[in-house]
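First up is the structure itself, then whatever we jot down about it.
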Amino acid sequence: MTEPAPLVELGELSFERGAHLLVERALRDLRPGTELGVVGTDPALVIHLGAWCRSQGHLVRDPEDGDAAVRAWVVRGRTDIDRWAHAERAGGPRTDGIRATAEPHWGLAARGALVEPGGPAMGFDLADRRYVWADIAPSLYAHAASAQWDPASAIQWDAEFTLSAEIERAVVQVMTYLVENEQAALVIPARLLSRIHPHFREVLQLLAVQAADEARHVEVFTRRALLTGGEMGTSSASGRESLATLVTEPDFSLASFLLSVLGEGSFLNLLTFLDRNAPDPITRQVTRLARQDEARHVAFGVAHLQHQSKVDSSLRSRLRAAVERRHDVLSNSAGLNQDVFDSLVTLAAGEWTPQAIERGFAAVQRLQGEMDEGRQHRLINLGFPADEAADLSALHTRNFM
Amino acid sequence: MTLIMGAVAYDPKVVTIWSGFRSWLLENGIDFDFVLYSNYERQVEDLLKNQIDVAWNSPLAWIRARRLADVQGRRLTPVVMRDTDQDLTSVLIVRDESSYKDVADLKGETIAVGAVDSPQATLIPCSLLRASGLQPGKDVTIQRFDVGVGLHGDHIGGERDAARALMAGDVGAAFMIDSNHLLFGHEGTLPAGSTRVVAQTPRFDHCNMTVSDTVPVELTERFGDLLLSMSYADPQVRPLLDLEGLTAWRPGRTTGYTPLEQAVDEAGFYDAGGAITAADYRP
Numbered sequence: 000m001t002e003p004a005p006l007v008e009l010g011e012l013s014f015e016r017g018a019h020l021l022v023e024r025a026l027r028d029l030r031p032g033t034e035l036g037v038v039g040t041d042p043a044l045v046i047h048l049g050a051w052c053r054s055q056g057h058l059v060r061d062p063e064d065g066d067a068a069v070r071a072w073v074v075r076g077r078t079d080i081d082r083w084a085h086a087e088r089a090g091g092p093r094t095d096g097i098r099a100t101a102e103p104h105w106g107l108a109a110r111g112a113l114v115e116p117g118g119p120a121m122g123f124d125l126a127d128r129r130y131v132w133a134d135i136a137p138s139l140y141a142h143a144a145s146a147q148w149d150p151a152s153a154i155q156w157d158a159e160f161t162l163s164a165e166i167e168r169a170v171v172q173v174m175t176y177l178v179e180n181e182q183a184a185l186v187i188p189a190r191l192l193s194r195i196h197p198h199f200r201e202v203l204q205l206l207a208v209q210a211a212d213e214a215r216h217v218e219v220f221t222r223r224a225l226l227t228g229g230e231m232g233t234s235s236a237s238g239r240e241s242l243a244t245l246v247t248e249p250d251f252s253l254a255s256f257l258l259s260v261l262g263e264g265s266f267l268n269l270l271t272f273l274d275r276n277a278p279d280p281i282t283r284q285v286t287r288l289a290r291q292d293e294a295r296h297v298a299f300g301v302a303h304l305q306h307q308s309k310v311d312s313s314l315r316s317r318l319r320a321a322v323e324r325r326h327d328v329l330s331n332s333a334g335l336n337q338d339v340f341d342s343l344v345t346l347a348a349g350e351w352t353p354q355a356i357e358r359g360f361a362a363v364q365r366l367q368g369e370m371d372e373g374r375q376h377r378l379i380n381l382g383f384p385a386d387e388a389a390d391l392s393a394l395h396t397r398n399f400m
Numbered sequence: 000m001t002l003i004m005g006a007v008a009y010d011p012k013v014v015t016i017w018s019g020f021r022s023w024l025l026e027n028g029i030d031f032d033f034v035l036y037s038n039y040e041r042q043v044e045d046l047l048k049n050q051i052d053v054a055w056n057s058p059l060a061w062i063r064a065r066r067l068a069d070v071q072g073r074r075l076t077p078v079v080m081r082d083t084d085q086d087l088t089s090v091l092i093v094r095d096e097s098s099y100k101d102v103a104d105l106k107g108e109t110i111a112v113g114a115v116d117s118p119q120a121t122l123i124p125c126s127l128l129r130a131s132g133l134q135p136g137k138d139v140t141i142q143r144f145d146v147g148v149g150l151h152g153d154h155i156g157g158e159r160d161a162a163r164a165l166m167a168g169d170v171g172a173a174f175m176i177d178s179n180h181l182l183f184g185h186e187g188t189l190p191a192g193s194t195r196v197v198a199q200t201p202r203f204d205h206c207n208m209t210v211s212d213t214v215p216v217e218l219t220e221r222f223g224d225l226l227l228s229m230s231y232a233d234p235q236v237r238p239l240l241d242l243e244g245l246t247a248w249r250p251g252r253t254t255g256y257t258p259l260e261q262a263v264d265e266a267g268f269y270d271a272g273g274a275i276t277a278a279d280y281r282p
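Protein sequence lines correspond, in order, to chains A and B.
The first sequence runs 0 to 400 under numbering that gives the first Met the number 0.
The second sequence runs 0 to 282 under numbering that gives the first Met the number 0.
Take a look at the structure:
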């Protein structure tokens with residue numbers, strides 16, 4: 000005895016109002032060539048069913064006498080099956096599903112999605128897990144996402160304070176310098192993340208939050224600079240020249256090394272110094288909040304390079320060469336804007352007496368020493384011998400970032 | 000020999016489609032190229048002047064080409080057509096709240112159709128009116144929406160304008176192909192449930208790939224077989240099939256052109272020898 004032919008009951012539902020969904024569902028598990036009876040009362044049902052079936056690769060057969068309520072028979076085609084015949088999963092959705100290489104044609108598909116073959120190959124040139132991934136990225140991203148602060152409310156912008164014009168000018172100069180550096184730190188991860196295959200989405204997410212962090216830093220430093228006067232400080236050619244060498248570094252690892260490990264690493268010391276020597280509560284708050292974020296950026300940079308040094312024995316020599324190359328490019332450049340240096344001394348001095356200036360000058364020298372120590376420490380963490388770490392740290396730009 | 004096909008550029012995507020097909024055919028051993036025409040009439044004339052070897056013809060272009068060939072004692076082959084070219088119908092619709100129940104009720108009304116040269120939205124529909132006892136221009140007023148004249152109805156604009164005229168109350172009924180009635184329902188040009196079908200044309204076929212008798216039989220067969228072998232499962236081919244609106248090529252047939260042949264004769268669109276005789280047709 001043969002099985003009765005399957006039927007789909009549409010009631011009054013028309014194809015103009017979504018009837019195809021019920022037909023599609025009824026066809027899904029049928030073999031190509033099998034017939035499905037369509038029952039329904041919409042006057043245009045047969046007309047629209049015919050048009051829809053044509054577009055979907057199904058055939059339609061008129062009912063015969065004795066087919067009772069059946070308005071038309073759909074002969075199942077195979078277009079939908081063929082479309083997915085060679086589909087593949089773009090790895091797995093969780094981190095254990097990350098593949099060694101992300102395929103270009105996966106493009107923007109979600110990791111783990113069933114990918115129809117034939118889409119455009121996207122130009123994500125950073126698609127090798129070895130050069131992109133760090134195991135710490137997911138947890139750092141989660142931490143970064145939870146640690147986002149609102150510039151409008153996290154800082155007490157209406158706190159009252161009075162500073163002498165010269166101290167205020169020093170604050171404005173330092174803020175101007177910080178904005179310039181943070182803009183470099185915004186552009187660099189943004190440029191890199193547009194090159195990373197979205198298969199490594201946690202790295203993209205982390206870099207995106209990193210760029211967003213810098214966007215907030217740019218905002219709060221600008222707002223502090225403009226709080227009392229309305230005029231920004233100076234920007235030196237040598238400072239911008241130093242930053243340009245960071246922005247133009249095309250290699251992901253080297254850019255991450257120069258920016259996060261060496262540059263932002265040095266900035267951690269600078270922001271601690273500003274927190275300690277801030278002449279007003281708002282300057283203290285903005286530098287403290289920025290420092291929290293920068294610590295995360297440094298942690299990712301170090302973790303990423305530690306991961307990479309395990310799989311790439313040539314990494315350390317490439318890092319070394321990058322530092323030396325940057326040093327050579329900047330060898331004839333003054334480095335730090337003199338206005339910035341003097342402002343840091345002024346802030347640490349706090350007043351215009353010879354003793355205070357001497358104290359301030361010594362504090363900035365200590366800061367430079369702390370930066371050097373911090374860089375050496377991180378270089379040793381990356382596997383450099385102590386003497387080499389000391390040599391390389393000494394070659395770092397005088398512009399701090 | 001290089002097989003040169005003519006196609007009508009009714010939309011910019013035509014370049015994408017035929018460039019893709021050309022690459023695929025070249026990879027598969029057929030030396031193929033294409034030229035684009037602004038209208039079907041020149042394409043048909045060039046096919047018969049042996050300027051091109053193959054024409055991707057509308058049904059109306061096929062009819063004219065066949066008539067011109069017959070006069071010269073030549074024979075054209077409709078080697079393949081899309082699966083979606085077979086067994087189409089057009090519908091005559093009215094606003095749901097109107098009192099019209101069938102075609103005869105529309106006597107004295109104005110009926111919207113597509114472009115003058117649209118098989119599905121003008122020629123076959125007018126033939127349906129005649130078969131139902133209504134002479135176009137006499138018993139009913141025909142309001143034409145001449146968008147893309149020369150494109151033989153490939154441009155959807157005329158049918159969409161006809162649908163809009165119906166909804167605006169400017170006409171009492173409108174003709175369109177079945178799939179556009181569904182499309183206009185989805186896109187909201189005709190809100191779902193706002194129209195009613197009062198008549199449906201007989202089934203008819205649409206485009207075919209017309210090969211000239213100057214092409215060696217072996218090459219015609221190889222070309223046809225290769226197109227028929229294109230599989231929707233092939234990721235290289237699928238985007239082209241999607242763009243051209245088919246899921247598979249089918250062997251060409253001429254049985255589905257009877258309604259249009261009759262409509263062309265009734266309207267005096269072409270004469271038996273393929274000359275353009277429609278007075279108000281300027282492609």
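Note that CB positions come from ideal geometry on N, CA and C, so glycine has one too.
It should be emphasised that the depicted structure is a prediction, and the values quoted were computed from it without experimental measurement.
- prompt: Going by the CB atoms, is the gap between Val73 (chain A) and Val22 (chain A) shorter than 8 Å?
  reply: yes
- prompt: So is Trp105 (chain A) in contact with chain B if we call contact Cβ pairs under 8 Å?
  reply: no
message: Quick check on Phe160 (chain A): buried or exposed, where buried means 16 or more other Cβ atoms within 10 Å of its Cβ?
response: Exposed, by the Cβ-count rule.
task: Step through the CB atoms of chain A and report whether any lies within less than 8 Å of the CB of Leu259 (chain B).
output: no
message: Based on DSSP bridge pairs, tell me the residues matched to Ala111 (chain B).
response: Ala111 (chain B) is bridged by DSSP to B:Gln142, B:Ala173.
field: Between the CA atoms of Val38 (chain A) and Glu8 (chain A) - distance to the nearest angstrom
entry: 5 Å
message: Taking CB distances under 8 Å as the criterion, tell me whether Asp204 (chain B) reaches chain A.
response: no
- prompt: So, does the CB of Thr78 (chain A) fall closer than 8 Å to a CB anywhere in chain B?
  reply: yes
- prompt: Hey, quick one: how far does the beta strand (DSSP E) through Leu91 (chain B) stretch, first residue to last?
  reply: 89-94
task: Could you spell out the range, first to last residue, of the alpha helix (DSSP H) harbouring Gln209 (chain A)?
output: 200-224
- prompt: With a Cβ-Cβ cutoff of 8 Å, do Ile123 (chain B) and Leu218 (chain B) count as a contact?
  reply: Against a cut-off of 8 Å, the Cβ pair of Leu218 (chain B) and Ile123 (chain B) comes out as no contact.
query: Is the CB of Gln142 (chain B) under 8 Å away from at least one CB in chain A?
result: no
query: Nearest to Asp127 (chain A) by alpha carbon, out of A:His326, A:Ser330, A:Val310?
result: A:Val310
- prompt: Of all the CB atoms in chain A, is at least one closer than 8 Å to the CB of Thr253 (chain B)?
  reply: no
- prompt: Which residues does DSSP pair with Ala71 (chain A) in a beta bridge?
  reply: A:Val37
- request: Flag Thr83 (chain B) as yes if its beta-carbon sits less than 8 Å from any beta-carbon of chain A, otherwise no.
  value: yes
Beta carbon of Ala254 (chain A) nearer than 8 Å to that of Leu242 (chain A): no
field: CB contact flag (Thr288 (chain B), Gly267 (chain B), <8 Å)
entry: With chain B covering only 0 through 282, there is no way to say anything about residue 288 (chain B).
message: Across the region 75-82 of chain B and the region 205-222 of chain B, are there enough close Cβ pairs to call them in contact, namely three or more that are closer than 8 Å?
response: yes
message: Can you tell me whether Thr282 (chain A) is helix, strand or coil according to DSSP?
response: helix
Residue-chain proximity (Leu181 (chain B), chain C), Cβ-Cβ < 8 Å: Here chain C cannot be found, since the structure's protein chains are A and B.
message: Can you tell me whether Gln354 (chain A) is buried or exposed? The criterion is at least 16 other CB atoms within 10 Å of its CB, across all chains shown.
response: exposed
query: Between the Cα of Val260 (chain A) and the Cα atoms of A:Thr227, A:Leu318, A:Ala214, A:Ala289, which residue gives the shortest distance?
result: A:Leu318
Cβ-based neighbour list, Gln209 (chain A), same chain, cut-off 7 Å, excluding 5 preceding and 5 following: So the qualifying residues of the chain are Pro188, His296.
Residue-chain proximity (His395 (chain A), chain B), Cβ-Cβ < 8 Å: For His395 (chain A), the answer is no, since every Cβ of chain B falls outside 8 Å of its Cβ.
- prompt: Going by the beta-carbon positions, is the gap between Leu128 (chain B) and Arg202 (chain B) smaller than 8 Å?
  reply: no
message: Does chain A have any CB closer than 8 Å to the CB of Gly267 (chain B)?
response: no
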